[in-house]
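Visitor:
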Amino acid sequence: MENTVNTTPETKKKRVLSMIQPTGMFTLGNYLGALKNFVALQNDYECVYALADLHAITVRQNPAEFRKNTLSAYAMMLALGIDPEKSIFFIQSQVPEHAQLAWVLSCYTQFGELSRMTQFKDKSAKHADNVNAGLFTYPSLMAADILLYNADYVPVGADQKQHLELCRNIAERFNGLYSPTFVVPDGLIPKTGARIMSLQDPTKKMSKSDENTAGFITMLDTPAEIMKKFKRAVTDSEARVYYGENKAGINNLMGIYSCITGKSYDEIEKEFEGRGYGDFKTAVGEAVVKELEPIQARYNELIKDKAYLEKCYSEAAPRAEAIARRTLQKVMKKVGYLPVAH
Numbered sequence: 001m002e003n004t005v006n007t008t009p010e011t012k013k014k015r016v017l018s019m020i021q022p023t024g025m026f027t028l029g030n031y032l033g034a035l036k037n038f039v040a041l042q043n044d045y046e047c048v049y050a051l052a053d054l055h056a057i058t059v060r061q062n063p064a065e066f067r068k069n070t071l072s073a074y075a076m077m078l079a080l081g082i083d084p085e086k087s088i089f090f091i092q093s094q095v096p097e098h099a100q101l102a103w104v105l106s107c108y109t110q111f112g113e114l115s116r117m118t119q120f121k122d123k124s125a126k127h128a129d130n131v132n133a134g135l136f137t138y139p140s141l142m143a144a145d146i147l148l149y150n151a152d153y154v155p156v157g158a159d160q161k162q163h164l165e166l167c168r169n170i171a172e173r174f175n176g177l178y179s180p181t182f183v184v185p186d187g188l189i190p191k192t193g194a195r196i197m198s199l200q201d202p203t204k205k206m207s208k209s210d211e212n213t214a215g216f217i218t219m220l221d222t223p224a225e226i227m228k229k230f231k232r233a234v235t236d237s238e239a240r241v242y243y244g245e246n247k248a249g250i251n252n253l254m255g256i257y258s259c260i261t262g263k264s265y266d267e268i269e270k271e272f273e274g275r276g277y278g279d280f281k282t283a284v285g286e287a288v289v290k291e292l293e294p295i296q297a298r299y300n301e302l303i304k305d306k307a308y309l310e311k312c313y314s315e316a317a318p319r320a321e322a323i324a325r326r327t328l329q330k331v332m333k334k335v336g337y338l339p340v341a342h
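Under UniProt numbering, the first residue of the sequence shown carries the number 1, and numbering increases by one thereafter.
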């Protein structure tokens, strides 16, 4: 029998789950690679978003700075356009079911699977003085984050595909042992977005942990700082704007300009035909300044309104927990735990 799609207004939207760590101000790379798409997804999906502060402590945090960064990240997400009425947007540590399910799932995750995670190897090398158990079991917590909410889709970049595949394996393993319990999620490749690279070393991803601060743009950089960084961006000696091999710097700038203006690479090549890199860098910088201006203005309003921010995340946590609790209770029963007596 042929499947038909119900297009009536009652059709249930698919659920998307995505989380981001609140460790310092987001970069232009975070914005164009993922966060801008978070906002767009709200129109077509039921969205559950969170600040992954449990994940953040695999690296040592200064407590006062960590609290400040979490609040700042929450305000920035709202400034970007995350709608707390339309989406559930909560702080991970305020929903204890994440840690509870993570423990259960860690018992259904094989040591060999975790030891093969490339991100564990990379971060272990980078933080050799603090290779803790949380860093090792990070993917089990990530699986719990996703599976708690019966997410149909998880937006993924290249560096998260391995984690999502492990999450799917854990879900299928548990479902196979105890009958269908979890929705097995699929990756969602964003329609727009790009892997934004460092302005100083375009072979590396743009990151706020870059020792060279000229390599990344933060969402709160001033127009003068943004223009200065783009004017100093690494390019090549050809002085011709086009996308091609051995042009990593220009390819990166074209990706940024394309994401913001919506112009194709062909259109960008025509626009800057016969013009030098100086003109192109200026145009990219100005486009970024214009894009971030209203976001920064909204952020500056929100960060001063602590009461509103607290209201938003305080109301979001119970909404998230209501979904998470149902899933956890189902899991606890299937594993064989005694129910809590009321």
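From the three backbone atoms N, C-alpha and C, an ideal C-beta is built for every residue, glycine too.
Could I get the ranges of all uninterrupted alpha helix (DSSP H) runs contained in the region 267 to 333, with 4 residues as the minimum, in chain order?
Guide: DSSP runs (the alpha helix (DSSP H)) wholly in the region 267 to 333: 277 to 304.
Visitor: Could you name the residues of the same chain whose beta carbon sits closer than 6 Å to that of residue 46, not counting the 5 residues immediately before and after it, in chain order?
Guide: In the sequence shown, the residue the question calls residue 46 occupies position 46. Counting only Cβ-Cβ distances below 6 Å, and skipping sequence neighbours, we find 13, 15.
Visitor: Considering residue 145, what are the terminal residues of the alpha helix (DSSP H) in which it resides?
Guide: To locate residue 145, count along the sequence shown from 1; it is residue 145. Looking at the DSSP string, the run of the alpha helix (DSSP H) that includes residue 145 is 133 to 147.
Visitor: Short of 7 Å in beta carbon distance, which residues of its chain neighbour residue 171, apart from the five on each side in sequence? Order them along the chain.
Guide: Translated into positions along the sequence shown, residue 171 becomes position 171. Contacts found: 147, 182, 184.
Visitor: Mind checking who residue 188 pairs with in its DSSP beta bridge?
Guide: The count along the sequence shown starts at 1 and reaches residue 188 at position 188. Paired residues: 155.
Visitor: Do residue 179 and residue 27 count as a contact pair if the criterion is CB distance below 8 Å?
Guide: As a working mapping, residue 27 is identified with position 27 in the sequence shown. As a working mapping, residue 179 is identified with position 179 in the sequence shown. Cβ atoms of residue 27 and residue 179: not closer than 8 Å.
Visitor: Which stretch, first to last residue, makes up the alpha helix (DSSP H) that contains residue 74?
Guide: Position 74 of the sequence shown, counted from the first residue, corresponds to residue 74. Residues 63 to 80.
Visitor: Write down the C-beta distance between residue 244 and residue 233 rounded to the nearest angstrom, noting that I regard them as a contact closer than 8 Å.
Guide: Locating residue 244 in the sequence shown gives position 244, counting from the first residue. Locating residue 233 in the sequence shown gives position 233, counting from the first residue. That pair is no contact at about 17 Å.
Visitor: Looking at the strands, I want to know which residues DSSP matches up with residue 19.
Guide: To locate residue 19, count along the sequence shown from 1; it is residue 19. 50.
Visitor: DSSP state of residue 91, grouped into three classes?
Guide: Mapped onto the sequence shown, residue 91 falls at position 91. Looking at residue 91 - three-state DSSP - the assignment turns out to be strand.
Visitor: Taking all protein chains shown into account, decide if residue 145 is buried (16 or more other Cβ within 10 angstroms of its Cβ) or exposed.
Guide: Within the sequence shown, numbered from 1, the residue matching residue 145 stands at position 145. Result: buried.
Visitor: Going residue by residue through the region 177 to 236, where are the continuous alpha helix (DSSP H) segments of at least 4 residues, counting only ones entirely within it?
Guide: DSSP runs (the alpha helix (DSSP H)) wholly in the region 177 to 236: 223 to 231.
Visitor: Mind checking residue 278: buried by the 16 CB within 10 Å criterion, or exposed?
Guide: Translated into positions along the sequence shown, residue 278 becomes position 278. By the neighbour-count rule (16 or more Cβ atoms within 10 Å), residue 278 is not buried but exposed.
Visitor: Tell me whether residue 340 is buried or exposed, calling it buried when 16 or more other Cβ atoms sit within 10 Å of its Cβ.
Guide: For this step, residue 340 is matched to residue 340 along the sequence shown. By the 10 Å Cβ count, residue 340 comes out exposed.
Visitor: Mind checking whether residue 256 and residue 54 have CB atoms under 8 Å apart?
Guide: The residue given as residue 256 occupies position 256 in the sequence shown. The residue given as residue 54 occupies position 54 in the sequence shown. Taking 8 Å as the Cβ cut-off, residue 256 and residue 54 do not qualify as a contacting pair.
Visitor: Is there a C-beta anywhere in chain B that falls below 8 Å from the one on residue 282?
Guide: Looking for chain B here will not work: only one protein chain is present.
Visitor: Could you work out which residue in 138, 323, 73 is closest to residue 119 when comparing CA atoms only?
Guide: Numbered from 1 along the sequence shown, position 119 holds the residue referred to as residue 119. Minimum Cα distance to residue 119 is reached at 138.
Visitor: Taking 8 Å as the threshold, find out whether the region 79 to 97 comes into contact with the region 156 to 168 through three or more Cβ pairs.
Guide: No, they do not touch.
Visitor: Under DSSP, the alpha helix (DSSP H) around residue 26 begins and ends at which residues?
Guide: Counting from 1 along the sequence shown, the entry for residue 26 is found at position 26. Note, residue 26: premise wrong, no alpha helix (DSSP H); not H, not E.
Visitor: Rounded to a whole number of angstroms, what is the C-alpha to C-alpha distance between residue 6 and residue 115?
Guide: Against the sequence shown, residue 6 aligns to sequence position 6. Against the sequence shown, residue 115 aligns to sequence position 115. With a pLDDT of 37 at residue 6, under the threshold of 50, the predicted position of this residue should be treated as unreliable, though the coordinate-derived value follows. Each residue's alpha carbon lies about 44 Å from the other.
Visitor: Hey, out of 186, 78, 68, 20, whose CA is closest to residue 294's CA?
Guide: Along the sequence shown, one-based indexing puts residue 294 at 294. Of 186, 78, 68, 20, the residue nearest in Cα terms is 78.
Visitor: In the structure shown, what three-state DSSP assignment does residue 42 receive?
Guide: Position 42 of the sequence shown, counting from 1, holds the residue named residue 42. Residue 42 falls in the coil class under three-state DSSP.
Visitor: Which stretch, first to last residue, makes up the alpha helix (DSSP H) that contains residue 344?
Guide: Residue 344 lies beyond the range of the chain shown here (1 to 342); nothing can be said about it.
Visitor: So the alpha helix (DSSP H) residue 255 belongs to, where does it begin and stop?
Guide: For this step, residue 255 is matched to residue 255 along the sequence shown. Its alpha helix (DSSP H) spans residues 248 to 261.
Visitor: With 16 other CB atoms within 10 Å as the buried threshold, where does residue 69 fall?
Guide: In the sequence shown, residue 69 corresponds to position 69, counting from 1. Buried, by the Cβ-count rule.
Visitor: Check whether the region 314 to 334 touches the region 94 to 107, counting contact only when three or more Cβ pairs, one atom from each stretch, lie closer than 8 Å.
Guide: Result yes; three or more Cβ-Cβ pairs closer than 8 Å.
Visitor: I'd like to know if the region 61 to 68 and the region 274 to 289 are in contact, where contact means that at least 3 CB-CB pairs between them fall below 8 Å.
Guide: The region 61 to 68 is not in contact with the region 274 to 289.
Visitor: Checking 8 Å against the spacing of the C-beta atoms, do residue 149 and residue 48 come in under that value?
Guide: Within the sequence shown, numbered from 1, the residue matching residue 149 stands at position 149. Within the sequence shown, numbered from 1, the residue matching residue 48 stands at position 48. Contact flag set, yes.
Visitor: Rounded to whole angstroms, how far is the Cβ of residue 167 from the Cβ of residue 143, which I believe are closer than 8 Å?
Guide: As a first step, residue 167 must be located in the sequence shown, where it is residue number 167. As a first step, residue 143 must be located in the sequence shown, where it is residue number 143. At roughly 4 Å, the Cβ-Cβ gap stays under 8 Å, so residue 167 and residue 143 are in contact.
Visitor: Buried or exposed for residue 308, going by 16 or more other Cβ atoms inside 10 Å?
Guide: One-based indexing of the sequence shown puts residue 308 at position 308. With fewer than 16 Cβ atoms within 10 Å of its Cβ, residue 308 is classed as exposed.
Visitor: Alpha carbons only, please: which of 17, 229, 76, 42 is nearest the one belonging to residue 303?
Guide: Position 303 of the sequence shown, counting from 1, holds the residue named residue 303. Of 17, 229, 76, 42, the residue nearest in Cα terms is 76.
Visitor: Do you know how far the Cα of residue 163 is from the Cα of residue 17?
Guide: Stepping through the sequence shown from its first residue, residue 17 is reached at position 17. Stepping through the sequence shown from its first residue, residue 163 is reached at position 163. Taking the straight line joining both Cα atoms gives about 14 Å.
Visitor: Would the beta-carbon of residue 73 fall within 8 Å of that of residue 22?
Guide: The sequence position of residue 73 within the sequence shown is 73, counting from 1. The sequence position of residue 22 within the sequence shown is 22, counting from 1. Yes, they are a contact pair.
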